[in-house]
Every structure is written in structure tokens, then in C-alpha cells.
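J.: Quick note, the sequences are listed as chains Y and V, same order.
So for the first sequence, our numbering puts the first residue at 1; every next one is plus one.
So for the second sequence, our numbering puts the first residue at 1001; every next one is plus one.
Structure below; questions to follow.
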Amino acid sequence: METAATRTTGPVSGTDGGTAVTFRGVTRSYGAVRAVQGLDLDIAAGETVALLGRNGAGKSTTLSMLLGLLPPSTGTVRLFGGTPESAVRAGRVGAMLQDGKAVPRVTVRELITFVAATYPAPMDVDEALELAGLAEFAGRRVDRLSGGQAQRVRFAVALAGNPELLVLDEPTAALDVDARRTFWRAMRGYARRGNTLVFSTHYLEEADDHADRIVVIDGGRVVADGSGEELKRRTGGTLVSFDLRGAASAPLPALPGVSAVEIRGDRALLRTTDSDATVVALAGLDLVHGLQVTPASLEDTFLALTSGATTGAATAASATGAAAASAATASAKETV
Amino acid sequence: MLDYVRLEVRRTLRDRGFVIFGIGMPVLMYVLMTNIGTGPGGAPMEWKTASMVGMAAYGALGAALGAGTGVAEDKQLGWLRQLRITPMGPVRVVVGRGLTGSVTVLPAIAAVLLVGALVNGVRMAAWQWAALAALLWIGTAPFTLLGLGNGYRLSAQSTGVVNTGCMLLLSIIGGLWFPAELFPGWLRTLSAWTPGNRFAELGQSVTQGGAPGLGAVAVLAAWMALFGGYAVYAYRRAARTV
């Protein structure tokens, strides 16, 4: 997991502008199953956006409609003000699909050279290979690469045309920790040039670490939309804990910002939406002993946002270590 | 689109199965059928020539259908889907595939004709060689369309089987392996209506110093229209799901 310090690049200004992606009232059904039900979404040019959701939440369907691979059942999808097809034809879009397999009997360089040549203003092939971490495999046949290397090839395919909008469907699924870090470093560099980046993931940390904005999708709808910090705040995302030293716990639930109170032995754990106000109030009560203020775990936030998260969502259990955070996760599980 | 054709031709020629069965088989069968069990004087020159055309046609037919097998594989790999999000339009992908077929039929035609000239001593005027190669090349178009139709319509596994079946059936009934003159009467009549038979007839007429008959051209054109319609139908159906 990368630290906050590595994403000081901040949000990229989309000054040149306009809107890269627009969804209006989009639904998509497969027979009787509604995979996407009523999606409204605007993504500005230059933004880096994560679509976060559990498996089956509708992320891949959403991205397929964004790329024009799948027509919406109702509603409209626009890219740069036109249809997805026209944006794709104009070479403004590159994508890494989730289910793509290696194309047999071509070398990495042949494949990337071909894809680049289909675009009007492609990236230099060597640059694309370098960015994707494939420089040393350029002469290898694509079907003779390992899973992680093949995934980099798909990434290079997405990059080769130097597109303004890069769409990545669960881009790091087959990558190990090192490859993941290299991948995101390349991605940040690409976004910094003013390009728009949309990726789907079910890793909370990944969304929080690498996106300016997280769109949480559940049951085919947007259930939350904002920066990682905003999402955490919205769900009462800070934990304040301190030693009671025998003081009464009765006044605690009434303190400003506090949404939940848990007492463990002599230690009180408060969930708060406004930790500053809570701490000031605690100081007024002379309760600041062994004070700790920790952000609620992302799992906690995610569970609070997605209804019916019975299984799967919390399995990653990011081993935060902080007793307070894990306790909060446990209590959140109970309430869901 | 030429880049696409180049890429696909390269991929086809690197396929060991294609080289062995698509080029090696027709050559081997030609050599065997004109040199085994033919007595001390060897096979008559007419048979060496006729079989050369038949085997070249068989090889070309197989390669043309093979273009469709490639489509089905690419569909399964998700490569066709990936191509849809490049600026290359879907129509150019199909046309590119068709053109790929028209290139990959050439090695089999060339190999069999070369063996005919160099090993079996078939002698013809230069224009006849040129016209024969050209007609065998152009005449593969209906089979390419049939192969593409199967490729878009069926799964990768079924396409391989169905295309191989089509190749054998059309070759044998068409009289490419054994001359249709040896068939019983009813089969001979049937054979004359099949595209494989008329495809070879294009070539046979040239080796006999004439131009292809109107009947052969008409029957082939009808098959081409039918297979073309099938390919368009299959493509339209598949385009929604690719």
C-alpha cells in the first residue's frame, strides 16, 4: 500500500477542458437482470477517477458502455460530447479490457507497433514499451510471456495510441506488488500530461491512493462519489480514542460530531464526523489522556457505503494493525 | 488496414499447423498420387497436370477457410473486442481478414505448381502458368467468405472442426482429390453444382488452353453470393457480442 506522500501530484487541472465522459440515465439489462440501473456521471477532462465496487456491482458493464462496446438499454453515454464510437474512431480512447488474452504468434514490439499505427498521433513505440515496463521483452512472443508480463502488454496496447482518455478495467489484477507500483508510477505520469484516466477496481487502497475521485458503484448505481477523504468523512470516518481513567462515559454520545461510542475496559472509542470538534469538547471535559485520532479503515467506509455487503468486500482486511481500526471494522460488520 | 493484413499474414505463416497441413499436405498428396501405383512409365502427363490443379485448389481452399478459423480464435481471445476500441473500424477488420485470406492461399498454390513444374515435369506456356495461378487465387474468394462466416458465427472449437469438414467435403465431392469422371453418375451431376468442382474447373480449362466456361463462372458466382450473404449475416450477429 502506498502512502499519502506518493500522491502529492494532486488533482490534475482539466483547464483545457470540458467533459470527457457523460452518463445520463443509463441502464443496462441482461434479460431480467439489471446490471446497471440509472447511472448519471460526469468526468471532466484531466480527472483520474476510480470506479470502486464489489464483483458484480456493474463496473465492467459500465466501462463496456463507456467504450461503446455495449449499447445502453436506456439513456445516453457521451465521450467528449460525441458518441463513444466516434471518439474511438478519432483515436481519443485507449482501453485495457479485463478479459483480453495474449494474441498468439506476434512479438510484443510487432503488436504494439501495429496498434500504435492505427492511431492518428500515437506514442513512440519504445516509449510505450518503456512505460509499460516491457522494454526487455520487446522481442518476445506475446503468447510466451507470464501472466503479469501479458498484463503489461495489454497495458501497452491501451497506451500505444497516446489516447486522451485511458480506460482500465481492473488493471492490476494479475500484477505482483512491485509490478503494481511500477504500473501506477507510469499511470500517474500519464495522467499528469493532462489525460483522463478511468479505472475500475475492487481494491479500496488502490482507489484511494491513485484516484482524485472515487465513484462507488453498488447494485448498478452510484452510491457515493468524491475524494477518498470526502467519502471517509461522509461515513463518519474518524476514530477518536482515549483513556477514561474512571470518568463517566454517559456524556460521550452527545459530544459534537460523535456518531457511535464503544467502551472497552477503560478506553473509549468514538466514531466521529468532525474529529476537531470532538477533541476540543473532550479537552473541555478534561478527558485527553492517551488520545489517538485515526482515520477509519477504508473497509469500514466501503462497508458503510455499499449495502448488503455480506461477503467478499471485507475479505482483504488490509491488516491495518491499529486495534481501534479493526475494532471499528468489526462493529461495522455487525451493523450491516 | 495494410498493417493489419501484414500482422495477420505473419501470424498465419508462423502457425506450424498451417504450414504443415495447409502447404505440406497438398504437396505431399500431389507427389504421392502422381507417383505411387502408376506403373513403370509413371502417371500420364494429363493426370499429373489435372492433379496439380486439383491439389493446388485443395490447398488454396483449405487456406481460404483457415482465415475464418483465425477469426474465431481471435474472437475467443478477446482480440476482436480489443480491435473494436482502436480507431480501425469494424468493416476494415473484416475486409482486412478477407485480404489476409487472399494472401495466405498463395503459398499452397505456389508450392504445388512448383512441384508440378520441377518434380513432375508439367510443361505449359508462360501465360498458362500465370493465368492458372491467377484464377486459382481469385477463385478462393467464395471459400474465404464461407470461412469468415463460420468464424464469426461459431465458437473457436466448432469453427476448426466445421472448416476442416467443409474443406474435406468440398475437396472430395468437388473432385479435387480424385477426378469427378471416376464418380458414379449421380455424384458426378451433384459434383458439377459444387463450388469446389467449379473452382478447379477454372484452372483445368486454362491447362487445356481454353478460357473458363460460363457455367463454371456462373456457379461459382452464385456460391460466392450465397457465402457472402452468410458472412454478412454471421458478422452482424457476432458484432453485437464480440
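By construction, the Cβ of each residue, glycine as well, lies at the ideal position given by its N, Cα and C atoms.
1) For V/Asp1003, I'd like the list of residues in its chain whose CB is within less than 6 Å of its CB, leaving aside the five on either flank, ordered along the chain.
2) Got a sec: is the Cβ-Cβ distance from Y/Lys101 to anything in chain V below 8 Å?
3) Buried or exposed: which applies to V/Gln1208, given that a residue is buried once 16 or more other Cβ atoms fall within 10 Å of its Cβ?
4) Applying a beta-carbon distance threshold of less than 8 Å, which residues of chain Y neighbour V/Arg1236?
5) Which residues does DSSP list as the beta-bridge partners of V/Ala1218?
6) Return no unless some Cβ of chain Y is closer than 8 Å to the Cβ of V/Thr1086.
7) Shorter than 8 Å from the beta carbon of Y/Gly18 to some beta carbon of chain V?
8) Could you tell me the boundaries of the alpha helix (DSSP H) in which V/Ala1130 lies?
9) Residues in the same chain with beta-carbon distance under 7 Å from V/Leu1083, minus the five sequence neighbours each way, listed in chain order, please.
10) If you draw a straight line from the C-alpha of V/Gly1229 to the C-alpha of V/Ala1221, how long is it?
11) Name the chain Y residues that come within less than 9 Å of V/Gln1208, Cβ to Cβ?
12) Where Y/Leu39 and Y/Arg221 are concerned, what is the direct C-alpha to C-alpha distance, given to the nearest angstrom?
13) For V/Trp1186, tell me which candidate among V/Ile1173, V/Leu1113, V/Gly1196 has the shortest Cα-Cα distance.
14) Along chain V, which residues have their Cβ under 8 Å away from the Cβ of Y/Arg140?
15) Less than 7 Å between C-beta atoms, sequence neighbours within five positions excluded: which residues of the same chain meet that for Y/His289?
16) Where Y/Phe199 and V/Leu1135 are concerned, what is the direct C-alpha to C-alpha distance, given to the nearest angstrom?
17) Who does Y/Arg271 pair with in a DSSP beta bridge?
18) Write down every uninterrupted run of the alpha helix (DSSP H) in the segment 1035-1115 of chain V whose length is 4 residues or greater and which is fully enclosed by it, in chain order.
19) Hey, quick one: how far does the beta strand (DSSP E) through V/Ala1156 stretch, first residue to last?
20) Would you report the Cα separation of Y/Asn162 and Y/Val216, rounded to the nearest angstrom?
21) Which of the three DSSP states, helix, strand or coil, is assigned to Y/Pro295?
22) Hey, Y/Arg105 and V/Arg1011: beta-carbon distance below 8 Å or not?
23) For V/Gly1196 versus V/Gly1066, is the C-beta distance shorter than 8 Å?
24) What first and last residue would you give for the alpha helix (DSSP H) that runs through V/Phe1143?
25) Does the Cβ of Y/Arg264 have 16 or more other Cβ atoms within 10 Å, making it buried, or fewer, making it exposed?
26) Throw me the rounded Cβ distance for the Y/Asp170 and Y/Thr196 pair, which I believe falls under 8 Å.
27) Here's a check: name, in chain order, each residue in its chain whose Cβ is nearer than 6 Å to the Cβ of Y/Gly219, leaving out the five neighbours to either side.
28) Quick one: is Y/Pro71 buried, meaning 16 or more other Cβ sit within 10 Å of its Cβ, or exposed?
29) Taking one C-beta from the segment 92-99 of chain Y and one from the segment 126-138 of chain Y each time, how about it: are there three or more such pairs within less than 8 Å?
30) Measuring alpha carbon to alpha carbon, tell me which residue in Y/Tyr30, Y/Phe23, Y/Thr48 is nearest Y/Ser227.
31) Could you check the C-alpha separation between V/Pro1184 and V/Gln1204 for me, to the nearest Å?
32) Quick check on V/Gln1157: buried or exposed, where buried means 16 or more other Cβ atoms within 10 Å of its Cβ?
33) State the DSSP-derived secondary structure class of Y/Thr172, mapped to helix, strand or coil.
34) What residue range is occupied by the uninterrupted alpha helix (DSSP H) comprising Y/Met187?
35) Measure from the alpha carbon of V/Ala1063 to the alpha carbon of each residue in V/Arg1081, V/Val1103, V/Gly1210, V/Trp1047, then state which is nearest.
36) Do Y/Val26 and Y/Met65 come within 8 Å of each other at the CB atom, strictly closer than that value?
T.: According to the structure data:
1) Here residue 1003 of chain V is taken as the residue at index 3 of the second sequence, counted from 1. So no residue of the chain qualifies.
2) Here residue 101 of chain Y refers to the residue found at position 101 of the first sequence. Taking Cβ atoms only, chain V reaches closer than 8 Å to Y/Lys101, which makes this a yes.
3) Here residue 1208 of chain V is taken as the residue at index 208 of the second sequence, counted from 1. That one is exposed.
4) To locate residue 1236 of chain V, count along the second sequence from 1; it is residue 236. Correct list: empty, because the minimum Cβ distance to chain Y is about 14 Å.
5) The sequence position of residue 1218 of chain V within the second sequence is 218, counting from 1. Note: V/Ala1218 sits in no beta bridge, so no partner.
6) As a first step, residue 1086 of chain V is located in the second sequence; it is residue number 86 there, counting from the start. True, the Cβ-Cβ gap to chain Y drops below 8 Å.
7) In the first sequence, residue 18 of chain Y corresponds to position 18, counting from 1. No, Y/Gly18 lies away from the interface with chain V (no Cβ there is under 8 Å from its Cβ).
8) On the second sequence, residue 1130 of chain V is found 130 positions in, with the first residue counted as 1. V/Ala1130 -> alpha helix (DSSP H) spans 1126-1138.
9) Within the second sequence, numbered from 1, the residue matching residue 1083 of chain V stands at position 83. If we look at V/Leu1083 and ignore the five residues flanking it on each side, its Cβ neighbours are Val1093.
10) As a first step, residue 1229 of chain V must be located in the second sequence, where it is residue number 229. As a first step, residue 1221 of chain V must be located in the second sequence, where it is residue number 221. Computed Cα separation, rounded: 12 Å.
11) Counting from 1 along the second sequence, the entry for residue 1208 of chain V is found at position 208. What V/Gln1208 touches in chain Y: nothing, since even the nearest Cβ is about 41 Å away.
12) Here residue 39 of chain Y corresponds to residue number 39 of the first sequence, with the count starting at 1. Here residue 221 of chain Y corresponds to residue number 221 of the first sequence, with the count starting at 1. Their backbone Cα atoms lie some 6 Å apart in a straight line.
13) Position 186 of the second sequence, counted from the first residue, corresponds to residue 1186 of chain V. When only C-alpha atoms are compared, the closest one is V/Ile1173.
14) Position 140 of the first sequence, counting from 1, holds the residue named residue 140 of chain Y. Chain V residues near Y/Arg140: none, gap ~14 Å exceeds 8 Å.
15) Within the first sequence, the letter at position 289 stands for residue 289 of chain Y. Counting only Cβ-Cβ distances below 7 Å, and skipping sequence neighbours, we find Phe242, Asp243, Arg245.
16) Along the first sequence, one-based indexing puts residue 199 of chain Y at 199. Along the second sequence, one-based indexing puts residue 1135 of chain V at 135. Using only the alpha carbons, I get a separation of about 52 Å.
17) On the first sequence, position 271 is the one that residue 271 of chain Y refers to. Beta-bridge pairing links Y/Arg271 to Y/Leu239, Y/Ala260.
18) 1045-1077, 1079-1084, 1090-1104
19) Position 156 of the second sequence, counted from the first residue, corresponds to residue 1156 of chain V. Segment 1156-1173 is the alpha helix (DSSP H) holding V/Ala1156; no beta strand (DSSP E) there.
20) Taking the first sequence and counting its residues from 1, one reaches residue 162 of chain Y at position 162. Taking the first sequence and counting its residues from 1, one reaches residue 216 of chain Y at position 216. Spanning the two alpha carbons is a distance of roughly 28 Å.
21) Counting from 1 along the first sequence, the entry for residue 295 of chain Y is found at position 295. Looking at Y/Pro295 - three-state DSSP - the assignment turns out to be strand.
22) Within the first sequence, the letter at position 105 stands for residue 105 of chain Y. Within the second sequence, the letter at position 11 stands for residue 1011 of chain V. Closer than 8 Å, so yes.
23) Here the question's residue 1196 of chain V lines up with position 196 in the second sequence. Here the question's residue 1066 of chain V lines up with position 66 in the second sequence. Not a contact, by the Cβ cut-off of 8 Å.
24) Walking along the second sequence from the start, residue 1143 of chain V turns up at place 143. Counting along the chain, the alpha helix (DSSP H) containing V/Phe1143 begins and ends at 1141-1153.
25) The count along the first sequence starts at 1 and reaches residue 264 of chain Y at position 264. Burial call: exposed.
26) The count along the first sequence starts at 1 and reaches residue 170 of chain Y at position 170. The count along the first sequence starts at 1 and reaches residue 196 of chain Y at position 196. Per the sequence presented here, residue 170 of chain Y reads as Glu, with Asp not at that position. Not a contact, Cβ separation roughly 18 Å.
27) In the first sequence, the residue the question calls residue 219 of chain Y occupies position 219. Cβ neighbours of Y/Gly219 beyond the five flanking positions: none.
28) As a first step, residue 71 of chain Y is located in the first sequence; it is residue number 71 there, counting from the start. Label assigned to Y/Pro71: exposed.
29) no
30) Taking the first residue of the first sequence as position 1, residue 227 of chain Y is located at position 227. The residue with the shortest Cα to Cα distance from Y/Ser227 is Y/Thr48.
31) Here residue 1184 of chain V refers to the residue found at position 184 of the second sequence. Here residue 1204 of chain V refers to the residue found at position 204 of the second sequence. Going by the C-alpha atoms only, they are around 21 Å apart.
32) To locate residue 1157 of chain V, count along the second sequence from 1; it is residue 157. Exposed is the call here.
33) Indexing the first sequence from 1 puts residue 172 of chain Y at position 172. Note: Y/Thr172 maps to coil in three-state DSSP.
34) Counting from 1 along the first sequence, the entry for residue 187 of chain Y is found at position 187. Note, Y/Met187: alpha helix (DSSP H), 177-192.
35) Along the second sequence, one-based indexing puts residue 1063 of chain V at 63. Residue V/Val1103 is the option with its Cα nearest to V/Ala1063.
36) For the purposes of this step, residue 65 of chain Y is taken as the residue at position 65 of the first sequence. For the purposes of this step, residue 26 of chain Y is taken as the residue at position 26 of the first sequence. In this structure, Y/Val26 lies closer than 8 Å to Y/Met65 by Cβ.
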